[in-house]
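**Q**
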Amino acid sequence: MIDAPDVEELNPPQRTLMGPGPSPVHPRVLKAMSTPLVGHLDPSFVEMMDETQELLRYVFQTDNEWTIPVSGTGSAAMEAAIGNLVEPGDTFLAPTNGYFGDRMAAMARRAGGDVVRVGAPWGEPLDPDDVADACEEFHPDVFGFVHAETSTGVKQPDVPALTEAAHDHGALVVADTVTSIGGVELKVDEWDIDAAYAGPQKCLSCPPGASPLTLNDRAMDKVLGREEPARSWYLDLSLLEGYWGDERAYHHTAPITNVYALREALRLVAEEGIEERWARHREMASALKAGVEAMGLGLNPEDDYWLPSLNAVLVPDGVDDGDVIDYVLEQYDLEIAAGLGDLSGDVFRVGCMGHGARPENVTLVVAALADAFD
Ligand code: PLP
Numbered sequence: 242m243i244d245a246p247d248v249e250e251l252n253p254p255q256r257t258l259m260g261p262g263p264s265p266v267h268p269r270v271l272k273a274m275s276t277p278l279v280g281h282l283d284p285s286f287v288e289m290m291d292e293t294q295e296l297l298r299y300v301f302q303t304d305n306e307w308t309i310p311v312s313g314t315g316s317a318a319m320e321a322a323i324g325n326l327v328e329p330g331d332t333f334l335a336p337t338n339g340y341f342g343d344r345m346a347a348m349a350r351r352a353g354g355d356v357v358r359v360g361a362p363w364g365e366p367l368d369p370d371d372v373a374d375a376c377e378e379f380h381p382d383v384f385g386f387v388h389a390e391t392s393t394g395v396k397q398p399d400v401p402a403l404t405e406a407a408h409d410h411g412a413l414v415v416a417d418t419v420t421s422i423g424g425v426e427l428k429v430d431e432w433d434i435d436a437a438y439a440g441p442q443k444c445l446s447c448p449p450g451a452s453p454l455t456l457n458d459r460a461m462d463k464v465l466g467r468e469e470p471a472r473s474w475y476l477d478l479s480l481l482e483g484y485w486g487d488e489r490a491y492h493h494t495a496p497i498t499n500v501y502a503l504r505e506a507l508r509l510v511a512e513e514g515i516e517e518r519w520a521r522h523r524e525m526a527s528a529l530k531a532g533v534e535a536m537g538l539g540l541n542p543e544d545d546y547w548l549p550s551l552n553a554v555l556v557p558d559g560v561d562d563g564d565v566i567d568y569v570l571e572q573y574d575l576e577i578a579a580g581l582g583d584l585s586g587d588v589f590r591v592g593c594m595g596h597g598a599r600p601e602n603v604t605l606v607v608a609a610l611a612d613a614f615d
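Structure follows, in structure tokens:
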């Protein structure tokens, strides 16, 4: 017999989460998560599924019928989008300007795609002319880009110019909106994005576990017309249609508590109003930006493509980023994060997301950083 381990009752520290995600969860979402379960095929849950889909269409600003929460984290929604849209032998055009563009490329390769790249340095957005040139050269079947690069704090401006360049060359467009949804202007239909995936744990302030995904008819036609099934059974959208479509038949047991949470988080967005929420993120992040700039610290991206939900603050010369991150965690129970990849050691990543985008949190970040540099 193996002895039962003596593990104490759960008692995590109370952190203020101002890193790249997860963000602080709204109390109403936590309350929704402690609501008793119903079955995943219960008529009441089916109604909640419909409501969640309707709310998701609102935050994505889309009429796409095919709008669902994928069971799993943002990477599951990402792999559902890429793994279904990319068929073996397809050419996938992926960006080089951040960590998550690389992940898109890796997933497309696993789906059997040939990956080609369109370049921009880490910390800069893609240039639509470069996308047009790459489409001319490579004739991709699918083009992916990251709307809000969490690794660099860059917001891709002028998305319609990117989608137009890709569509002119017959490519479908898939957008990573993990760090923009619910916090930064995002208009899936108006911008002509064919598929977008997101995560709930950033500007929606919901725990990870059920991740938004939307596809338009053009994208779904490709998915449903595939010659061979998607490589992942779990994420095969043609099978998931049975559960999230009209039939509502068993495919897998939905993470009921996560759907409750997402529904409540989305209700909060609807109550606030999507445009008001984008404005709040901009205002709070502007205050944060002003505060760190007043300390003599700069932000890495230029103002034209600054991403309010993720602020890449430059680490001053001679400062060890890890020491500062440890100091604010120990002294202030405040979580901020280090840079990734090409920006590792060069920036702090300070989130301003969802329920975290409030004056008291901004004040805490500025005060804690000022103290750490003192
Ligand atoms: N894409 C972006 C831009 C992200 O920031 C993240 C996570 O931080 C992901 C994809 C992957 O999401 P997850 O970590 O929830 O799987």
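According to this note's numbering, the sequence shown is numbered sequentially starting from 242. Built from N, CA and C at the ideal position, the CB exists for glycine as well.
#1: Quick one: complete beta strand (DSSP E) runs, 3+ long, within the segment 499 to 586?
#2: Output the distance between the C-alpha atoms of Leu-413 and Trp-519, rounded to the nearest integer angstrom.
#3: For the putative contact between Val-554 and Ala-613, defined by C-beta atoms under 8 Å, what is the C-beta separation to the nearest angstrom?
#4: Helix or strand or just coil, what does DSSP make of Glu-426?
#5: According to DSSP, is Trp-432 part of a helix, a strand, or is it coil?
#6: How big is the Cα-Cα spacing for Gly-353 and Leu-605?
#7: So what's Lys-463 in DSSP terms, helix, strand or just coil?
#8: Using DSSP with H/G/I as helix, E/B as strand and the rest coil, what is Trp-485?
#9: Below 6 Å CB to CB, which residues in the same chain sit around Asn-325 once its five sequence neighbours on both sides are set aside?
#10: Mind listing, in chain order, the continuous beta strand (DSSP E) runs of no fewer than 3 residues lying wholly within the segment 263 to 344?
#11: By Cβ distance, which residues of its chain are closer than 8 Å to Pro-336, with the 5 residues on each side in sequence left out?
#12: So is His-493 buried or exposed if we call it buried at 16+ other beta carbons inside 10 Å?
#13: Let me know the secondary structure DSSP gives Glu-469 once reduced to three states.
#14: For ligand 2, is there any heavy atom lying closer than 6 Å to the beta carbon of Phe-333?
#15: Beta-carbon separation of Pro-497 and His-267 under 7 Å?
#16: Could you give the distance in angstroms between the alpha-carbon of Pro-310 and the alpha-carbon of Ala-609?
#17: Got a sec: is the Cβ-Cβ distance from Gln-294 to anything in chain D below 7 Å?
**A** Inspection of the coordinates gives the following:
#1: 551 to 555
#2: 27 Å
#3: No, Val-554 and Ala-613 are not in contact; Cβ-Cβ is about 12 Å, not under 8 Å.
#4: coil
#5: coil
#6: 47 Å
#7: helix
#8: helix
#9: Val-464, Ala-471 and Leu-478
#10: 307 to 313 and 332 to 336
#11: Gly-342, Met-345, Arg-358, Val-359, Gly-360, Ala-361, Leu-367, Gly-385, Phe-386 and Val-387
#12: exposed
#13: coil
#14: Absence of ligand 2 is noted for the structure shown, with ligand 1 being the only ligands found.
#15: Looking at the sequence itself, residue 497 is Ile, so the reference to Pro does not match. No.
#16: 36 Å
#17: Considering every chain present, this structure includes no chain D. It has just one protein chain.
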